[in-house]
Amino acid sequence: MVSLPLPFRFATSLQARTSFLERHSSALMATIPPKTEVSATTSSSRGRPRRPKAPRATKSDIPRPTHFLSFPLVYIPPLLPRGIRNSMQVQSSQGHHPTLRSRIRDFHSKILSSSPDGDAPVIEGIDQSILVDPRRLHLTIGVMALSSTSTESSPAPSSLISDDSNSNSRVRTVSDAIALLQTLAPDINAISDEALRLPLDKMGVLKTQRQQAGVLYVGPSDTVTEEKDKVLRVFDLVAQRFRQEGFILEPSRPAVLHCTLINASHRKPRRIPRAFSYHEIFQQALSERPSSSDPNSSHQLSVQDNLKSIPVDFGTWAISEIQLCKMGSHGPENEYVSVASIPIGSK
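See the structure below:
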């Protein structure tokens with residue numbers, strides 16, 4: 032028997048196996064079960080239903096606000112005939128509440144400075160750019176995107192507007208907002224026939240993380256009073272009507288009356304907004320809180336790590352009108368430019 036070389040024997044064996052596979056491939060493939068298609072809503076590993084992902088809102092879906100409704104606390108134009116007032120008629124920029132403006136400026140100055148001995152550094156994260164100018168103090172009722180004319184494209188995408196009203200698809204203009212605001216005057220005067228009064232007796236922070244915050248504000252305390260109730264009723268009336276008519280697109284939520292004094296998102300030069308330390312600010316505010324019947328009452332409070340608000344006394348101030356202001360605007364003395372306003376109260 033002739034012995035074949037090893038390479039030749041290997042090649043012959045490989046050819047035989049290949050020939051076998053070619054002859055029986057059809058039968059072998061028939062025994063393999065077909066591949067199961069995995070549903071888009073089914074997990075391939077366990078066969079359990081998978082929740083479809085909600086579509087993500089893009090920046091193009093969110094209308095950029097152009098105007099806002101507010102209770103102005105500081106800059107109030109001189110009183111003109113009752114009814115709607117256009118800002119083009121306003122000549123004076125003196126406004127009301129100069130005492131409040133002065134108190135806010137003093138407060139800002141103290142938190143910008145170092146300790147009395149001059150050794151301590153300024154408060155972490157605080158600089159001039161994030162302090163709100165006292166001329167711009169206000170309580171926001173709602174923001175909206177308005178067109179200057181009805182021929183402009185609507186700034187509010189239909190995907191963000193409720194489908195329960197066909198009127199929501201039309202363009203909202205500044206004139207429309209002014210007209211709606213004017214119709215609310217009788218209902219507002221039914222709530223209060225004189226200017227509203229708002230105590231600023233609470234200081235709080237928003238967007239907090241540990242001892243850092245993004246916003247510091249003053250507003251009324253949580254105590255229920257007749258004065259605060261009237262402010263909230265007017266606030267809810269205006270916000271609800273503008274929401275029903277499709278001007279305010281934000282979902283309804285409980286009103287938080289607050290007047291922003293420090294806002295880290297205003298920091299310049301612009302970069303990722305850096306929060307600020309509010310512990311020292313609370314300490315400063317508490318040390319200046321006027322005493323009550325107990326001469327030592329202002330020293331009985333201490334700032335705790337989890338404290339998000341403290342009692343203060345920035346006085347009680349009149350709210351004599353509601354303004355429709357242009358977002359990001361600057362008047363002669365840096366106040367927001369009011370395109371229109373209605374007075375509160377008939378007295």
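If you're matching positions, the sequence shown starts at 32 in our numbering and goes up one per residue. Just so you know, even glycine gets a beta-carbon here, dropped at the ideal spot from N, CA and C. In this text, all values refer to a predicted model and were calculated from it rather than measured experimentally.
If we count the other Cβ atoms within 10 Å of its Cβ and call it buried at 16 or more, is residue i buried or exposed?
i              : result
glutamine 271  : exposed
proline 326    : Bear in mind that a pLDDT of 46 at proline 326, under 50, signals an unreliable position, so the model cannot answer this.
proline 230    : buried
arginine 201   : exposed
isoleucine 107 : Its pLDDT being 44, under 50, isoleucine 107 is placed unreliably in this model, and the value from its coordinates should be taken loosely. The residue in question, isoleucine 107, is buried, as its Cβ has 16 or more Cβ neighbours within 10 Å.
lysine 339     : exposed
alanine 380    : With the chain covering only 32 through 378, there is no way to say anything about residue 380.
serine 75      : Confidence at serine 75 is low in this model, with a pLDDT of 45, below 50, so the placement of that residue is unreliable and no value is reported for it.
proline 129    : exposed
alanine 318    : The question names alanine, but residue 318 in the sequence shown is serine. The residue in question, serine 318, is exposed, as its Cβ has fewer than 16 Cβ neighbours within 10 Å.
arginine 166   : buried
serine 160     : exposed
Within a Cβ cutoff of 8 Å, which residues of the same chain sit near residue i, ignoring the five residues on either side of it in sequence?
i              : result
arginine 305   : Gly156, Ala295 and Arg298
leucine 263    : Ala286 and Leu288
alanine 316    : Phe138, Met234, Ile341 and Val343
methionine 358 : Pro96, Thr97, His98, Phe99 and Val174
valine 368     : Ser118, Cys356, Lys357, Ser360, His361 and Gly362
Taking the C-alpha atoms as reference points, what is the distance between residue i and residue j?
i                 : j                 : result
glycine 346       : threonine 204     : 37 Å
isoleucine 375    : glutamate 225     : 6 Å
serine 184        : arginine 95       : In this prediction, serine 184 has a pLDDT of 49, which is less than 50 and means its spatial position is unreliable; what the coordinates show is noted afterwards. The alpha-carbon atoms of serine 184 and arginine 95 are separated by roughly 13 Å.
isoleucine 222    : leucine 162       : 34 Å
valine 370        : leucine 355       : 6 Å
glycine 245       : isoleucine 219    : 33 Å
serine 360        : histidine 169     : 14 Å
aspartate 158     : aspartate 253     : 30 Å
valine 236        : leucine 143       : 18 Å
glutamate 364     : isoleucine 353    : 20 Å
valine 255        : threonine 180     : 42 Å
leucine 212       : isoleucine 279    : 13 Å
isoleucine 312    : glutamate 281     : 31 Å
proline 300       : glutamate 257     : 44 Å
glycine 277       : glycine 362       : 28 Å
arginine 228      : arginine 136      : 22 Å
asparagine 337    : threonine 239     : 10 Å
arginine 132      : leucine 104       : 9 Å
alanine 208       : phenylalanine 266 : 16 Å
serine 206        : glutamine 275     : 17 Å
alanine 349       : arginine 284      : 25 Å
phenylalanine 102 : serine 308        : 28 Å
proline 109       : serine 351        : Only weak support exists for where proline 109 lies, its pLDDT of 44 falling under 50; the value from the coordinates is given anyway. When rounded, the distance between both Cα atoms is 11 Å.
aspartate 232     : leucine 292       : 14 Å
lysine 261        : serine 140        : 33 Å
Sorted by chain position, which residues of the same chain lie with C-beta nearer than 6 Å to residue i's C-beta, five sequence neighbours on each side aside?
i             : result
histidine 289 : Tyr248 and Gly250
alanine 216   : Ile373
serine 178    : Val202 and Thr204
aspartate 164 : Asn365
lysine 259    : Pro251
If I follow the unbroken beta strand (DSSP E) through residue i, where does it start and stop?
i              : result
arginine 228   : 227-230
lysine 141     : That residue, lysine 141, is in no beta strand (DSSP E); its alpha helix (DSSP H) goes 129-143.
serine 101     : 98-103
leucine 317    : Looking at the DSSP string, leucine 317 is not in any beta strand (DSSP E); the run it does join, the alpha helix (DSSP H), is 310-318.
leucine 247    : 246-250
isoleucine 172 : 169-175
lysine 238     : First-last for lysine 238: undefined, no H or E at that position.
Near residue i, what residues of its chain come up, given a Cβ to Cβ distance below 7 Å and the 5 sequence neighbours on each side ignored?
i              : result
arginine 134   : Phe345
valine 269     : Leu100, Ile172, Leu215 and Ile353
isoleucine 154 : Ile142, Phe307, Ser308, Glu311 and Ile312
Please list the terminal residues of the continuous alpha helix (DSSP H) segment that includes residue i.
i             : result
threonine 214 : 205-214
leucine 162   : Element bounds for leucine 162: n/a, residue is neither H nor E.
Subject >> Unbroken stretches of the alpha helix (DSSP H), 4 residues or longer, contained in the segment 335-370 >> reply: none
**OP:** Just list the alpha helix (DSSP H) runs in the segment 256-305, keeping only unbroken ones of 4 residues or longer that don't cross its boundaries, in chain order.
**Re:** 257-275
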